[in-house]
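Reviewing the structure listed below.
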Amino acid sequence: MKILEYPNDALREISEEVKDPTGVEVKQLILDMIQTLRANNGLGLAAPQVGKNLRICVIEIENELFVLINPEIKTLSNEKIPSEEGCLSFPNKFMNLQRHKRVKIKAIDLNGKSQIIRARGLLARVIQHEIDHLNGVLIVDRTEEVNQE
Ligand code: ZN
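Here the numbering used here is used: the first residue of the sequence shown is 15, the next is one more, and so on.
Now the structure itself:
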């Protein structure tokens, strides 16, 4: 799938809830997103980045795959940590930004089951990044520094 790049307007839309998480079309979209994520060596990809304004993200870190359908943030730690962050919609750009150190979310998985995920470190950062995409929020909104390669 083609990844939309900033400043494409579709990246700014608020994505819609998935009504039928186990539907054939949703499953196919998720499989296509996983393939696109891997082909681009990314850590995470949200559906609006491939032109589908639905609340779906896929994340793969250290060979562990997470499919998040209709993810909801339940709690965020008060503590935040800064780090360099990239995005497949901003090729070759890295920005330094603060994210909550820990996050607890609820989401539906690939089998249509509701799950709770508690994450810290890199996974917590990527989860916050991908959920931002579902709300039309991009890394440029959360940083003051832009380092271009
Ligand atoms: Zn991104």
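Ideal Cβ placement from N, Cα and C applies to all residues, glycine included. Only a predicted model underlies this, so the values are computations on that prediction, with no experimental measurement involved.
Taking 8 Å as the cut-off, the beta carbon of residue 75 is found no closer than this to the beta carbon of residue 124. For the 8 Å CB-CB criterion, residue 44 and residue 17 do not form a contact. Taking a C-beta distance under 8 Å as the contact criterion, residue 38 and residue 32 do not qualify as a contact pair. Only buried fits residue 133, as 16 or more other CB atoms lie within 10 angstroms of its CB. Judged by DSSP secondary structure, residue 63 falls outside any beta strand (DSSP E); it is assigned neither H nor E. In this chain, residue 26 is not harboured by any alpha helix (DSSP H), its DSSP state being neither H nor E.
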